[in-house]
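Please read the structure below before turning to the comments.
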Amino acid sequence: MNLLDFDHQALTHYQNLKKQKIRIGSQDLKIVAIALVNQMTLVTRNTKDFCQIADLTLENWTTSK
Numbered sequence: 062m063n064l065l066d067f068d069h070q071a072l073t074h075y076q077n078l079k080k081q082k083i084r085i086g087s088q089d090l091k092i093v094a095i096a097l098v099n100q101m102t103l104v105t106r107n108t109k110d111f112c113q114i115a116d117l118t119l120e121n122w123t124t125s126k
């Protein structure tokens, strides 16, 4: 399994997200920043919070399609 780092690019993206005053916790915004920088899909059941991020691709594996 590969883990994605919270690197300098993710930090920069995180800081830009914080400036947008998105109502999501700091740790969740860090997860978003990592996903966006790496052009990854975020798999979560917490679509209510994460859907606030325009460019983020989400997938919820707990619901049927």
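Residue numbering for the sequence shown follows this note's numbering, starting at 62 and increasing by one per position. Where is the CB? At the ideal position from N, CA and C, for every residue including glycine. None of the values given here were measured: they were computed from a predicted structure.
Asked	Found
Based on Cα-Cα distance, which residue from E120, V104, K91 lies nearest to H74?	K91
Thinking C-alpha only, which one of R106, I95, H69 is nearest D116?	I95
Look up V104 in the DSSP assignment and give the residues it is bridged to.	E120
Restricting to runs no shorter than 4 residues, where is the alpha helix (DSSP H) found entirely within the segment 64-94?	69-80
Taking its Cβ as the centre, do 16 or more other Cβ atoms sit within 10 Å of L65, making it buried, or is it exposed?	exposed
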